[in-house]
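Enquirer:
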Amino acid sequence: MLKLEPRAQPSKLMALASPVLALVLTALLAALMFAALGKDPVRGLGVFFFEPLNGLRQVTEVLLKATPLVVIALGLSVCYRANVWNIGAEGQFLLGAVAGGGMALWLTTHGIILPKVVAVPLVLVAGVLGGMVWAGLVALLRDKFNASEILVSLMLVYVAQQFVNYLVFGPWKDPAGFNFPQTKSFDASTLLPMLVPGTRLNIGLVVAAVAVVAVWLFMFRSYRGFSLQVGGLAPAAARYAGFSARGSLWLALLISGGFAGLAGALEAAGPLRQLTPHISTGLGFTAIIVCFVGRLNPLGIVLAGILLSMMIIGGELGQSRLGLPNALTGVFQGLLLVLLLACDTLINYRLRWGSALAVRTGAS
Amino acid sequence: MPATDPEHRAAVSVPRLALQGISKQYPAVRANDRVSLQVMPGQIHAVLGENGAGKSTLMKIIYGSVRPDEGRMLWDGQEVQVRNPQEARALGISMVFQHFSLFDTLSAAENVWLGLDKSLKLPAITQRIVQVSQTYGLEVDPLRPVHTLSVGERQRVEIVRALLTHPRLLILDEPTSVLTPQAVQKLFVTLRQLAADGCSILYISHKLDEIRDLCQHCTVLRGGKVTGEIDPRQASNADLSRLMIGSEPPPLQHHQRQPGATVLAVQGLSVAQADPFGTTLKDIAFEVRAGEIVGVAGVSGNGQQELMAALSGEDPRAPAGAVRLFGQDIGRHDPRARRAAGLHFVPEERLGRGAVPPMSLAQNTLLTRTESVGRGGWLKPGAVALLAAGLISRFDVRCGGTGAAAKSLSGGNLQKFIVGREIDAAPKLLIVSQPTWGVDVGAAALIRGELLKLRDAGCALLVVSEELDELFEICDRLVVIAQGRLSPSIATSAANTELIGEWMSGLWDRSNAKTVEAGIPARPNPTPATLVPGAPHAQA
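First to last, the protein sequences are chains A and B.
Residues in the first sequence are numbered from 1 upward in steps of one, following the working numbering.
Residues in the second sequence are numbered from 1001 upward in steps of one, following the working numbering.
1) Around the Cβ of W353 (chain A), are there at least 16 other Cβ atoms within 10 angstroms (buried) or fewer (exposed)?
2) Just to confirm, are I1490 (chain B) and A1297 (chain B) a CB contact at a threshold of 8 angstroms?
3) Report back the beta-carbon spacing between S1312 (chain B) and I1431 (chain B) to the nearest angstrom; my notes put them in contact at under 8 angstroms.
4) Going by DSSP in three states, D174 (chain A) sits in which element: helix, strand or coil?
5) Excluding the 5 residues flanking G300 (chain A) on each side, which residues of the same chain have their C-beta closer than 8 angstroms to its C-beta?
6) May I ask which residues mark the beginning and end of the alpha helix (DSSP H) holding V1226 (chain B)?
7) Our contact map puts A241 (chain A) next to L1462 (chain B) with C-beta atoms below 8 angstroms; I'd like the distance itself, whole angstroms only.
8) Would you call the CB atoms of P10 (chain A) and I347 (chain A) closer than 8 angstroms?
9) Excluding the five sequence neighbours on either side, which residues of its own chain have a C-beta within less than 8 angstroms of the C-beta of Q229 (chain A), listed in chain order?
10) Rounded C-beta distance between L1106 (chain B) and V1146 (chain B)? I'm assuming under 8 angstroms.
11) State the DSSP-derived secondary structure class of I113 (chain A), mapped to helix, strand or coil.
12) Looking at C-beta atoms only, is the number of pairs between the region 1117-1127 of chain B and the region 1167-1174 of chain B that lie closer than 8 angstroms three or more?
13) Note down the Cα distance separating P1259 (chain B) from S148 (chain A), rounded to an integer number of angstroms.
14) Can you check which of these residues, B:L1114, B:Q1038 and B:K1024, is closest to N1032 (chain B) by C-alpha distance?
15) Please list, in chain order, all residues of the same chain as N326 (chain A) whose beta carbon is under 7 angstroms from its beta carbon, the five residues on each side excluded.
16) Roughly how many angstroms lie between the CA atoms of A1003 (chain B) and G1049 (chain B), to the nearest whole one?
17) DSSP state of M1073 (chain B), grouped into three classes?
18) Could you name the residues of chain D that R224 (chain A) contacts, counting a contact when the two beta carbons are closer than 9 angstroms?
19) Does DSSP put L41 (chain A) in a helix, a strand or coil?
20) Does any residue of chain B bring its CB to less than 8 angstroms from the CB of R142 (chain A)?
21) Would the region 1293-1308 of chain B and the region 1275-1284 of chain B be scored as touching if the rule is three or more Cβ pairs under 8 angstroms?
22) Could you spell out where the beta strand (DSSP E) holding Y349 (chain A) opens and where it closes?
23) Please list, in chain order, the chain A residues whose beta carbon lies closer than 9 angstroms to that of A1355 (chain B).
24) Q9 (chain A) CB to nearest chain B CB: under 8 angstroms?
25) Taking the alpha helix (DSSP H) that N83 (chain A) belongs to, which residues open and close that run?
26) Classify E1292 (chain B) as buried or exposed, calling it buried when 16 or more other Cβ atoms lie within 10 Å of its own Cβ.
27) Reducing DSSP to helix, strand and coil, say where L1019 (chain B) ends up.
28) With which residues is K3 (chain A) paired in a DSSP beta bridge?
29) By the 9 angstroms beta-carbon criterion, what residues does the region 1335-1368 of chain B contribute toward chain A?
30) For S1433 (chain B), which of helix, strand or coil comes out of DSSP?
31) Would you list, in sequence order, the uninterrupted alpha helix (DSSP H) runs of no fewer than 4 residues that lie entirely inside the region 1358-1402 of chain B?
32) Mind checking if L357 (chain A) is an interface residue toward chain B, Cβ cutoff 8 angstroms exclusive?
33) Using a Cβ-Cβ distance cut-off of 8 angstroms, determine whether G247 (chain A) contacts chain B.
34) In chain A, which residues lie less than 8 angstroms from K1027 (chain B) when you measure between Cβ atoms?
35) Distance check for K65 (chain A) and G75 (chain A), CA to CA, integer angstroms please.
36) Compare the C-alpha of L1074 (chain B) against each of B:S1119, B:S1493 and B:L1017 and name the closest.
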């Protein structure tokens, strides 16, 4: 009989191999699902995993989609390492888009034309602050009333979405927009500069790269980052060391809210160029998967962000080329996360055939 | 086998329990290596060994909660397979665990009822509890909620629960670690009576004196193997510890020394309990001077945890002026500020409090040491590793290097690392809780030696321990904590076990009292009057 046996030491190999194994298993199940839907599995996998990398345009689209995922996931990794369960990055992302987009809209409607080096940072900073305010609400409720940050942050996502709807259906609606629920297009001076001519890839990618380095330095080279992680791994040890649990709660939420807000502003002033009710396609939730597939590690998050971005774009291609339902992307993302968690068992356990009597080392 | 032959049975006494060649391999360690052991009917049989010698694994195998890899178990001469604790209880094996498994909010009778056949009614159980407790002198009020019971009383509930199943073999795992010396004597009376009635007893301990006092036979384990089978009454402590640890622990060098200026002065320290099952500290006063070790004795759960938290800064609710370090009021400082003032603390929990389990030893230095934090709060990885490497070599920490995770170390080695980390910080006051709890004898000797060296270097030390022997060995003065109150201090040379035991019952105001409560309330009693001998719940 197959049984699980605890390992003496967690396996370093399995810690790295587990995401790969989960990806392979996801691909296998995906192939089965394509077959069940009456599509050619090889072609289906090709559309999801190879087409998105086929050609410059596709690659830049993958990177464009990966940028907000990576930025949000970086902030979330800090939060999760501090054992603060912010699952409302989606809401903080929306508020970042509202604040950043609002700044761009204000400059546009008031006819204030600033140089890009001034206008774009203004937009991005506004986005960061918007996300921080939304996450700060979570911290406040947790700190003052001990309300579960899991529930509060999730609920605030829906509040944020309704807030966006109110703005674009109401006060911020473009008067010349034929009554569509959307704002004016932002002035060109407030939009992110392009990185690769002829594509939609913008300097958001550079911002994300800087964020990766910054988060890595904060987590692994700063005393404050160390104390956050201690609070997450062993609260009693943090108390013993004298690290403030309240301080960690606030810092973790403000960092993750700020990053999610930054991602929102990058989207608003990047590919969207205006605010609509459909700012997000669930990026804040997908980023949670990115975060865990990337092992809460900045470099892992980059790889996982690109992978999940490929799956999103593959899902869109699957709709247009194979007539597959859009929900398939969500199914694959869910499968990947569940399989990853299952494969992680192998880090601390090994599989073994047979009964306990098989263990007879050094008996003589 | 002659013993199983029916014709021999009448003539030859058949062991109640016989283990033959029991082995159990865990991934990292061989917990039992061909262990054999025989317990006769009515025998009190000791299993002696250090922490990690394999005692607990062996008992779990007998009780069916762990399956052995090899070996046979014979019960009344018949080979049996005990697959789970239910089967063990069906055979007549009962176990009293070191850590009690009682529900605080239920009454004693309800707790006992939970573990028994559901066809019995609660009033019937209550009646049985009264009978059994009268027969064996185990006084237990079946109707009292468990959270109002003292630790000693809780243990009695556990024993009564075990006895209601009419055991033919009773296993006790370190039963005296929570009892005062007087309560230990009462427990022994009960156990002798049980044995006289034919119940076999397996008594697990690492305390040599107790085993010599109680047991007729002793199996010694070391590193999972049986290293000796002797009659403890005819063996010396040196014989027993040679079998247990392979050598005799080196004697400590303890000289009298003239203490210096007052370092820590505690006055009027009262702190309300932080949770419903905690202890309220009441008007605690004592001082610790440079170059002396003050020991805090007491049964666990009498306020030691709370006192430590109030002194370390983990609980900064002390009244103004109650905790002074070199005259400066530090009662409301956080642990980092206290550390900066020279107060270092070693908590009793190593994993999860004194060290972060999955983090490396190098990272764990950062919990209390900030030398390797540079300007702007940036870490200097080289300096962090260097500090850890220094601690590892200076305090002989056996580990896989500075990158080894704290949880990969044995208890003794991790304790050497944590104690070393604090000693190496050159503290002016070092507070240590349970310095050698769960630590092997070699590491314990090293740690005690280091504490004495630190004292001789002029540091003030406060040591909390449940091991009276340890306190007598290293301390210059002793205080006793009971129900959140602290006794006056007494020079170690003027104290003895009986007196300290009496004080552990909270009776330092009337040291002449003849009768003392056997178990100490884990929670404060409503008034000290309930401690008066003869008052309700106070008699043992």
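Glycine included, every Cβ here is placed at the ideal spot set by N, Cα and C.
Expert: Based on what the coordinates show:
1) Label assigned to W353 (chain A): exposed.
2) A distance of 8 angstroms or more separates the beta carbons of I1490 (chain B) and A1297 (chain B).
3) With 8 angstroms as the limit, S1312 (chain B) and I1431 (chain B) qualify as a contact, their Cβ atoms being about 7 angstroms apart.
4) In this structure, D174 (chain A) counts as coil in the three-state DSSP scheme.
5) Cβ-Cβ distances below 8 angstroms link G300 (chain A) to P19, V293 and G294 in the same chain, with the five nearest sequence neighbours on each side left out; the list follows chain order.
6) Here V1226 (chain B) belongs to no alpha helix (DSSP H); instead the beta strand (DSSP E) covers K1225 to I1230.
7) No, A241 (chain A) and L1462 (chain B) are not in contact; Cβ-Cβ is about 20 angstroms, not under 8 angstroms.
8) For P10 (chain A) and I347 (chain A), yes; Cβs fall inside 8 angstroms.
9) Result list for Q229 (chain A): R81, A82 and M219, in chain order.
10) Indeed, because the Cβ distance is near 6 angstroms, the residues count as touching under 8 angstroms.
11) Secondary structure at I113 (chain A): coil, using DSSP grouped into helix, strand and coil.
12) Short answer: they don't touch.
13) Inter-residue distance for P1259 (chain B) and S148 (chain A) is about 52 angstroms (C-alpha atoms, whole angstroms).
14) With respect to the C-alpha of N1032 (chain B), the residue from B:L1114, B:Q1038 and B:K1024 having the closest C-alpha is B:K1024.
15) Excluding residues within five positions, the ones whose Cβ falls inside 7 angstroms are G315 and Q319.
16) Residue placement at A1003 (chain B) is poorly supported in this model, since its pLDDT is 42, which falls under 50; the coordinates are not used for a value here.
17) Three-state DSSP puts M1073 (chain B) in a strand.
18) The structure shown contains no chain D; the protein chains it does contain are A and B.
19) Looking at the sequence provided, one finds Pro at residue 41 (chain A) rather than Leu. Helix, per DSSP.
20) So no, R142 (chain A) is outside the interface.
21) Enough Cβ pairs lie closer than 8 angstroms, so yes.
22) Taken as a continuous stretch (DSSP letters only), the beta strand (DSSP E) holding Y349 (chain A) covers Y349 to W353.
23) Those within 9 angstroms of A1355 (chain B) in chain A are A234 and A237.
24) Closer than 8 angstroms to the CB of Q9 (chain A) there is at least one CB belonging to chain B.
25) According to the DSSP assignment, N83 (chain A) belongs to no alpha helix (DSSP H), since it is labelled neither H nor E.
26) Buried: at least 16 other Cβ atoms inside 10 Å.
27) It is a strand residue.
28) BP columns for K3 (chain A) point to A:R352.
29) Listed by position along the chain: P1335, R1336, A1337, R1338, R1339, F1345, P1347, E1349, L1351, G1352, R1353, G1354, A1355, V1356, P1357, P1358, M1359, Q1363, N1364, L1366, L1367 and T1368.
30) DSSP places S1433 (chain B) in strand when its eight states are reduced to three.
31) Here the runs fully enclosed are 1361-1365 and 1381-1394.
32) At L357 (chain A) the pLDDT is 43, less than 50, meaning the model places this residue with poor confidence; the figure from the coordinates comes in the next sentence. Chain B, which has a Cβ nearer than 8 angstroms to the Cβ of L357 (chain A), makes this yes.
33) For G247 (chain A), no Cβ of chain B is located within less than 8 angstroms of the residue's own Cβ.
34) Note that residue 1027 (chain B) corresponds to Pro in the displayed sequence, not to Lys. E5, P6, R7 and A8, listed in chain order.
35) Rounded to whole angstroms, the gap between the alpha carbons of G75 (chain A) and K65 (chain A) is 17 angstroms.
36) Nearest option by C-alpha distance: B:L1017.
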